[in-house]
Amino acid sequence: MDKVYDKCCGIDVHKKLIVACFRKGSKQELRNFGATTRELLELANWLQNGGCEMVAMESTASYWKPLYNILESSELKAMVVNASHMKAVPGRKTDTKDAEWIAELLQHGLLKASYIPDKQQRELRELVRYRKSLVSERTRELNRLQKMLEGANIKLSGTVSDINCMSARNILEYLLTGEFFDEAKYDEMYKQKIIAHNLKASKEQLIDDLNGVMTPLQRRMMKELLSHLDELNVHINNLEDEIDNFMKPEEKKATQAIQDVTGIGKTVPRPLFR
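Our numbering applies: residue 170 is where the sequence shown begins, and numbers increase by one.
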């Protein structure tokens with residue numbers, strides 16, 4: 170069978186062990202390395218000095234990522250392959266080690282590389298996924314806050330369309346004082362634009378909905394919830410700034426085009442670039 174690569178390496182990646190099979194023509198050399206950065210750099214240096222043309226490894230959990238990053242930074246060409254694809258290739262001997270089998274398949278061009286985005290795109294994905302997890306956490310906290318308010322017979326959701334908006338926050342801050350929300354207080358907050366002028370509830374409904382029975386413990390819990398929500402909002406905003414900095418010009422242009430569609434906000438298009 171024709172050889173695609175004269176010098177190539179197959180790597181079997183484990184949590185704490187890296188088994189590398191470096192094939193040079195018809196000869197091969199097996200070496201074991203640890204998973205520390207120092208040892209991964211030793212592996213990369215060994216391959217560089219040997220003139221390795223291509224490296225292949227299985228996509229085992231997340232163990233391949235540190236090695237792939239180091240190989241990439243060392244300007245070594247590398248591919249990640251799906252384990253099920255390699256198992257489907259016939260001809261493997263029973264005593265052949267995984268690294269040897271990967272190297273043999275690689276040398277003869279029988280491996281199909283999985284798509285691995287470039288480094289900038291991978292980092293952008295990490296940011297988008299982390300932002301998504303924080304948004305989910307914020308949603309859980311908002312739901313917890315809503316349930317607590319309902320338990321105190323405070324119908325804030327019937328007053329504002331978004332419990333995370335500024336008007337809702339101003340109302341909640343006032344409720345923390347334990348003071349009665351009356352018509353005079355409404356007029357004062359309305360005049361100072363502390364309460365938005367486009368709330369979906371009338372003045373009378375607002376006063377009725379906000380005067381529940383909140384215990385001191387519920388107020389303390391609400392204070393903690395609001396503090397946590399503030400922290401989450403800061404972190405989410407910081408991540409959005411990072412995401413904007415990471416996005417390529419063409420991605421920003423595409424994002425802006427998607428935002429021009431009615432009903433789609435700034436953050437909706439970003440997951441499309443994960």
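No residue lacks a Cβ here, since even glycine has one placed at the ideal position from N, Cα and C.
- Top-ranked residue by Cα proximity to S326, from S253, L368, Y299: L368
- Message: Quick check: the Cα distance between N251 and T424, rounded to an integer number of angstroms?
- Response: 32 Å
- Under 7 Å, do A225 and G179 count as touching if we go by C-beta distance? yes
- Item | Endpoints, the alpha helix (DSSP H) within which D377 is located | 372-379
- G203 in three-state terms, based on DSSP: strand
- Task: From the DSSP output, in three-state form, read off E222 for me.
- Result: coil
- Item | Counterpart residues of Q197 in DSSP-defined beta bridges | R192
- For G179, which of helix, strand or coil comes out of DSSP? strand
- Message: Here's a check: name, in chain order, each residue in its chain whose Cβ is nearer than 7 Å to the Cβ of F415, leaving out the five neighbours to either side.
- Response: Q289, E292, L293, L296
- Message: Once the 5 residues before and after A365 are set aside, which same chain residues still bring their CB inside 7 Å of it?
- Response: S336
- With DSSP as the reference, please indicate the residues paired to M248 in a beta bridge. A225
- Quick one: what's got a C-beta closer than 6 Å to D181's C-beta in the same chain, skipping five residues either side? V188, D267, A268
- Task: Tell whether a beta-carbon distance below 7 Å holds between V258 and L279.
- Result: yes
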